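Number 215 in our numbering belongs to position 206 of the sequence shown; there are no gaps in the numbering.
Written out below as structure tokens is the structure these notes cover.
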Amino acid sequence: MANIVDPVFEASVLREPALTGDDFDFDALTCPLLQLQGKVDKNPKTAAIILAGGTGERFGKEGGKQLVEIAGKPILTWSAEAFDAVGDVGLIVIVCPEERMREYLARAIDPFPFVTPVVLAPAGSIRQESAFSGLEMVGDEYEYVVLHDGARPLVSPDLIEHTINTVKGNFDADGAVVAHPAVDTLKVVEDGVIVGTPDRSVFWNAQTPQVFRAGIYRRAHASALSDGFVGTDDSSLIERLGGRVLVVEGKRDNIKLTVPEDYVLLASAVRTMLLNSEHR
Numbered sequence: 010m011a012n013i014v015d016p017v018f019e020a021s022v023l024r025e026p027a028l029t030g031d032d033f034d035f036d037a038l039t040c041p042l043l044q045l046q047g048k049v050d051k052n053p054k055t056a057a058i059i060l061a062g063g064t065g066e067r068f069g070k071e072g073g074k075q076l077v078e079i080a081g082k083p084i085l086t087w088s089a090e091a092f093d094a095v096g097d098v099g100l101i102v103i104v105c106p107e108e109r110m111r112e113y114l115a116r117a118i119d120p121f122p123f124v125t126p127v128v129l130a131p132a133g134s135i136r137q138e139s140a141f142s143g144l145e146m147v148g149d150e151y152e153y154v155v156l157h158d159g160a161r162p163l164v165s166p167d168l169i170e171h172t173i174n175t176v177k178g179n180f181d182a183d184g185a186v187v188a189h190p191a192v193d194t195l196k197v198v199e200d201g202v203i204v205g206t207p208d209r210s211v212f213w214n215a216q217t218p219q220v221f222r223a224g225i226y227r228r229a230h231a232s233a234l235s236d237g238f239v240g241t242d243d244s245s246l247i248e249r250l251g252g253r254v255l256v257v258e259g260k261r262d263n264i265k266l267t268v269p270e271d272y273v274l275l276a277s278a279v280r281t282m283l284l285n286s287e288h289r
């Protein structure tokens with residue numbers, strides 16, 4: 010009997026991420042204009058925590074998704090390089106499985122010319138524990154902390170810098186979250202029945218980077234740990250304390266690699282970037 014494929018939940022484009030590689034001829038492309046230039050200001054005030062501790066179960070590739078390559082570089086490298094190119098970032102903390110630290114360094118960090126100091130921290134069993142582990146590596150000299158998903162490789166230095174400056178320029182703000190407005194119609198569903206259609210204009214899809222003042226971010230983690238609260242993202246920890254978190258509109262191509270189909274979108278976006286750089 011043939012396997013029955015659910016047309017809604019089964020990946021229609023890919024079953025295995027590796028199958029996408031043949032569709033994109035990166036070897037025929039060069040991208041000197043895409044090589045970001047690392048830099049560190051004299052007195053940087055921001056530390057970056059890149060979360061790369063996920064198992065990648067939904068991605069369906071053994072070993073996870075952080076070291077999957079696009080255009081010859083692991084996606085974790087793409088993410089880290091963007092922060093390396095922001096002068097106010099004086100430290101990059103990569104949170105990853107403890108047993109794979111050497112592998113992550115050997116494949117995603119050491120082969121590339123990072124200027125910003127890079128340290129590793131052990132991942133926890135959930136995202137919140139991983140973020141706290143990374144936070145423990147951040148010294149008191151840093152006034153701001155920026156959190157980012159290592160599986161969002163297309164984040165740009167400009168977006169990172171703009172988000173940091175949004176917090177710095179608003180003294181009554183405790184943080185800022187990159188997001189984009191919801192574009193699909195939303196439905197409230199109970200027991201399989203639609204019970205409402207909310208106004209989507211007030212809904213935004215949260216992304217990363219997320220930037221916070223280090224002091225309140227530490228207090229938010231301590232409070233969450235004390236109360237046994239687990240948030241869905243870093244901002245939610247501050248929100249529950251009554252903190253004021255601003256939104257910075259990002260781009261929809263700030264894609265997170267979660268399922269195999271996302272690889273096609275990311276690879277297509279990178280290929281377009283490379284082609285555009287060749288024609289400048």
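Idealized CB from N, CA, C, for every residue including glycine.
Small disclaimer: the values here were computed from a predicted structure and weren't measured.
- The region 135-144 and the region 206-216 do not touch, with fewer than 3 CB-CB distances between them shorter than 8 Å.
- Closest by C-alpha distance to D243, out of K260, D262, L266, P218, is P218.
- Taking the C-beta atoms as reference points, A191 is found no nearer than 8 Å to L255.
- Each residue's CA atom was taken as its position, placing E138 and F238 some 11 Å apart.
- Residue range 213-222 is occupied by the beta strand (DSSP E) that includes A215.
- An exposed status is given to A231, since fewer than 16 other beta-carbon atoms sit within 10 Å of its beta-carbon.
- Its chain contains T55, D97, Y153, V155, V220 as the residues whose beta carbon lies nearer than 7 Å to that of I173, once the 5 sequence neighbours on both sides are disregarded; these appear in chain order.
- Annotated three-state conformation of D158 is strand, per DSSP.
- For P166, the enclosing alpha helix (DSSP H) covers residues 166-177.
- In this structure, P162 is the residue among D149, P162, I79, L76 with its C-alpha nearest to the C-alpha of A91.
- In this structure A115 is exposed. Its beta-carbon is surrounded by fewer than 16 other beta-carbon atoms within 10 angstroms.
- Distance between V257 and V186, taken at the CA atoms: about 6 Å.
- Counting of Cβ neighbours within 10 angstroms places I203 among the exposed residues, the total staying below 16.
- Of the residues I58, V147, S165, P106, the one whose Cα lies closest to the Cα of G133 is P106.
- A distance below 8 Å separates the beta carbons of V95 and E170.
- Taking the CA atoms as reference points, G178 sits about 12 Å from R222.
- Shown here for A233: same chain residues with a beta carbon closer than 8 Å to its own, the five before and five after excluded, namely Q137, V239, G240, L246, R249 in chain order.
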